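K.L.:
My questions will all concern the structure given below.
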Amino acid sequence: MSSYRAVLCLFLFFSGLIAKAQTYEVYDQHMKLKSRVEYDQISILGESVRVSTANQQLKLLSKDYKPFLDLKANSVYRYDQPWLIVEGPSGKGVFHEYGEEVLPAEYDQIQTVFTKILSRKGNAFWLYEHASRKNSLLGNFDDAVLARNGQVIAQKGAEYFLPLSPEPERAKEMVQEANGDFLFVKESSGYGLVNRDGEYILDPIIDQMVHLDDVYFYAFDGSQYMLIEAKEIRADINYTSYHKITLEGDMMLEYIHGKLRRVMQYEGILLDQVGMEKVTSLGKQHYNVLLKDKSLGLLGPRGWEVRPVVGVESILPGRDGLYPASKGGKFGFVDTQGKWVISPEFDEVRPFFQDMAAVRAGRLWGFVDRAGLVVISPQFDSASDFKRSIAIVKRGGRHQLIDKEGNSLLPNAYERISLSADDYFITELDKKFGLVAPDGKEIVEPKFEELRREELDRILVRLGDKYGILNEQGEYVLPVYYKSIVFDTGASQILAEDDYQFAVPAPPIVEQPVGKKRKGT
């Protein structure tokens, strides 16, 4: 064989040897490798929904990642359990998560609520109901929305219709969702309420009506004020009065002969008090009530939380029988009778958590106990409340964790420390992330571009574009090597994606006999 042919043979052999395929290593909960599977992409959408693309085909997978259903589309548009909305060249379609094809991929728009699916093609709208397995044409509309209570709100021009109601052709000036059970409706005759069946539980005869919260409404009809509660088959009038009830933000006050007399709540009267001078809202269902004798009390959702007392300028919602209060521009704490338990000597205070309250003196924060003793002197630029006996504090531009004696728990301070939903602490430094356990023990210092605690003893981390897994001792159980890592909780497995290189046989090389010329040369 000539040297040229030998080099060519080696080039072709090694060209055939180096090939790549997108593979997933499948690990069990003990991080033992179970198998490898090859797909362009695997997505875990829910405990029972796994999809893949292989050879540009979208397929539903079993728990062991074997394809069992062609989804007849290019991609998953959205997963609204139990509906899998797919998208193909001709539009969107729907599969049930167990594999039943519900709608072919030919619609412009899909909306789902529980067992109903509203689909649109042009101006035509259809409704699919899973109980009957039927997809019915509702009609042509400018727009339509599937409300949370299962009704369809359709619009033609400036008019609204409820095509699933007993009177689908009855026009309305306005239809809004009040909550998941009721629709807030206006017709030419007035305001009303519609239930899940599309039936009026309050006829549209009310002059003015405002949705307060949940199932509660404020209304005015003729010369009568009302507080209304919506129920499944009727609307109850919890309170009615010919005296003026004002709605001021989130506060309802009743005036009798022009004088402030009652603080109202959704079900009716919260406080009936002669001699009220002023009511100040402190957020949802908490109020400072000032009486004409200059006494001030804290009113809560079940009545007085702090009885009116003279010599207090403000009282804030508290906890465990102690309430932040102010006098002369300084803050302390009073009990339920308005008696000072901790004298007003601080510039700001927060309610007690775990028998400790954060207090500010000047620009610095510290902590006091329930007896008013300064346990941790004001020394921090900011301080969180204690949780599990640990607080986040900031000093000199850096954050640290401290215990109830003020001792630092971490060897270093960081640019930021935040508490996660599962009570772990995320630390940040130079755009890198670390993790601290709920007891204050540092699992890993900030060194990853991404960090997320996925499940017990499993922490997903990323360096550059590679992923790995740590345990809660900070040890690698999977190296930072993979393109992606997906936790399949439904199958109690972990998928680690890699570009797997494997051998492909090189094409055979046919040698020409030495000394023999080819035809035409």
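With our numbering, the residue at position 515 of the sequence shown is 757, and numbering never jumps. Think of the CB as a built atom: it goes at the ideal place given N, C-alpha and C, for glycine as much as any other residue. Here the structure is a predicted model, which is why all the values come from computation and not from measurement.
#1: Distance cutoff 9 Å, beta carbons only. Does Val-722 sit that close to anything in chain C?
#2: Which word fits Leu-404, buried or exposed, when buried means at least 16 other C-beta atoms lie within 10 angstroms of its C-beta?
#3: Please state the DSSP three-state secondary structure of Asp-445.
#4: Would you please state the rounded distance, in angstroms, between the beta carbons of Lys-358 and Tyr-349? I believe it to be under 8 Å.
#5: Do the CB positions of Val-773 and Pro-550 come within less than 9 Å of each other?
#6: Can you tell me which of the three DSSP states Asp-597 falls into?
#7: Determine the DSSP secondary structure at Asn-297, reduced to helix, strand or coil.
#8: Tell me where the beta strand (DSSP E) around Pro-620 begins and ends.
#9: For Thr-578, does the three-state DSSP call read helix, strand or coil?
#10: If you follow the beta strand (DSSP E) that His-372 is in, where does it begin and where does it stop?
#11: Is Leu-287 near Leu-313, with beta carbons less than 9 Å apart?
#12: Leaving aside the five residues before and after Gly-440 along the sequence, list all residues of the same chain whose C-beta is less than 7 Å from its C-beta, in chain order.
#13: I'd like the span of the beta strand (DSSP E) that includes His-485, first residue to last.
#14: Is Lys-572 near Phe-609, with beta carbons less than 9 Å apart?
#15: For Tyr-481 and Met-468, which I take to be in contact (beta-carbon distance under 8 Å), what is that distance rounded to the nearest angstrom?
#16: State the CB to CB distance for the pair Ala-613 and Ala-625, rounded to an integer number of angstroms; the pair is presumed to be in contact (CB under 8 Å).
#17: Assign Tyr-484 to one of two classes, buried (16 or more other C-beta atoms within 10 Å of its C-beta) or exposed (fewer than that).
#18: Can you give me the Cβ contacts of Asp-463 inside the same chain, cut-off strictly under 7 Å, excluding the 5 residues immediately before and after it?
#19: Going by alpha carbons, who is nearest to Phe-426 out of Asp-385, Gly-399, Glu-471 and Ala-400?
#20: Would you report the Cα separation of Lys-689 and Phe-675, rounded to the nearest angstrom?
#21: When you compare only the Cα positions, how much space is there between Thr-488 and Leu-606?
#22: Checking the sheet assignment: what are the DSSP bridge partners for Glu-280?
#23: So, is Tyr-266 buried or exposed, given that buried needs 16 or more other C-beta atoms within 10 angstroms?
#24: For Lys-334, count the other beta carbons within 10 Å of its own beta carbon; 16 or more makes it buried, fewer makes it exposed. Which is it?
#25: Return the residue from the list Pro-559, Glu-509 and Arg-278 that minimises the CA-CA distance to Thr-522.
#26: Pop quiz: Val-516 and Leu-538 are said to be a contact at Cβ under 8 Å. What is the actual Cβ separation, rounded to whole angstroms?
#27: Which partner residues does Thr-522 have in the DSSP bridge list?
#28: Can you grab the Cα-Cα spacing for the pair Glu-343 / Tyr-307, in whole Å?
#29: For Asp-514 and Val-617, I'd like the C-alpha separation in whole angstroms.
#30: Starting from Gln-731, follow the beta strand (DSSP E) in both directions and report where the run begins and ends.
#31: Measure the C-alpha to C-alpha separation of Tyr-370 and Ala-461 and round it to an integer number of angstroms.
#32: Give me, in chain order, the residues of the same chain whose beta-carbon lies closer than 7 Å to that of Gly-716; leave out the 5 immediate sequence neighbours on both sides.
#33: Distance check for Gln-621 and Arg-637, CA to CA, integer angstroms please.
#34: Using 10 angstroms around the beta-carbon of Pro-446, count the other beta-carbons present and answer buried if the total reaches 16, otherwise exposed.
#35: Which one or two residues does DSSP pair with Phe-383 in a beta bridge?
#36: Between Val-293, Asp-385 and Gly-545, which has its C-alpha nearest Ala-366's C-alpha?
P.N.:
So, from the data block:
#1: Going by chain labels, chain C is absent from the structure shown, which holds only one protein chain.
#2: Flag for Leu-404 reads buried.
#3: In the structure shown, Asp-445 sits in a strand (DSSP, three-state: E or B).
#4: That belief does not hold up - the Cβ atoms of Lys-358 and Tyr-349 are roughly 15 Å apart, past 8 Å.
#5: A query on residue 773 cannot be resolved here, the shown segment of the chain reaching from 243 to 763 and no further.
#6: Of the three classes helix, strand and coil, the one that applies to Asp-597 here is coil, per DSSP.
#7: Of the three classes helix, strand and coil, the one that applies to Asn-297 here is coil, per DSSP.
#8: Where Pro-620 is concerned, the enclosing beta strand (DSSP E) stretches over 616-622.
#9: DSSP, read as helix, strand or coil, puts Thr-578 in coil.
#10: In the DSSP assignment, His-372 falls outside any beta strand (DSSP E) and carries neither an H nor an E.
#11: Going by beta carbons, Leu-287 and Leu-313 fall outside the 9 Å limit.
#12: Excluding sequence neighbours, Gly-440 sits near Gln-393, Leu-404, Leu-406, Ser-407 and Pro-408.
#13: It is not in any beta strand (DSSP E) - His-485 carries neither H nor E in the DSSP assignment.
#14: The answer is no: Cβ separation not under 9 Å.
#15: Confirmed, Cβ separation roughly 7 Å.
#16: Not confirmed; about 19 Å, so no contact.
#17: When all chains shown are included, Tyr-484 counts as exposed.
#18: So the list reads Ile-448 and Asp-449, once near-sequence residues are dropped.
#19: For Phe-426, the closest alpha carbon among the candidates Asp-385, Gly-399, Glu-471 and Ala-400 is that of Glu-471.
#20: A direct Cα-to-Cα measurement between Lys-689 and Phe-675 gives close to 6 Å.
#21: Take the alpha-carbon of Thr-488 and the one of Leu-606: they are about 42 Å apart.
#22: BP columns for Glu-280 point to Thr-265.
#23: Around the beta carbon of Tyr-266, 16 or more other beta carbons sit within 10 angstroms, so the residue counts as buried.
#24: Around the CB of Lys-334, 16 or more other CB atoms lie within 10 Å, so the residue is classed as buried.
#25: The closest CA to that of Thr-522, considering only Pro-559, Glu-509 and Arg-278, is found on Pro-559.
#26: That belief does not hold up - the Cβ atoms of Val-516 and Leu-538 are roughly 16 Å apart, past 8 Å.
#27: Thr-522 is bridged to Asn-530.
#28: Take the alpha-carbon of Glu-343 and the one of Tyr-307: they are about 20 Å apart.
#29: Take the alpha-carbon of Asp-514 and the one of Val-617: they are about 42 Å apart.
#30: According to the sequence displayed, residue 731 carries Thr and not Gln. Where Thr-731 is concerned, there is no enclosing beta strand (DSSP E), given that its DSSP letter is neither H nor E.
#31: Taking the straight line joining both Cα atoms gives about 36 Å.
#32: Only Ile-685 and Val-686 meet the Cβ criterion.
#33: When only Cα atoms are considered, Arg-637 and Gln-621 end up about 8 Å apart.
#34: Burial of Pro-446 is indicated by the presence of at least 16 other C-beta atoms within 10 angstroms of its C-beta.
#35: According to DSSP, which records beta bridges pairwise, Phe-383 is partnered with nothing at all.
#36: Closest by alpha carbon: Asp-385.
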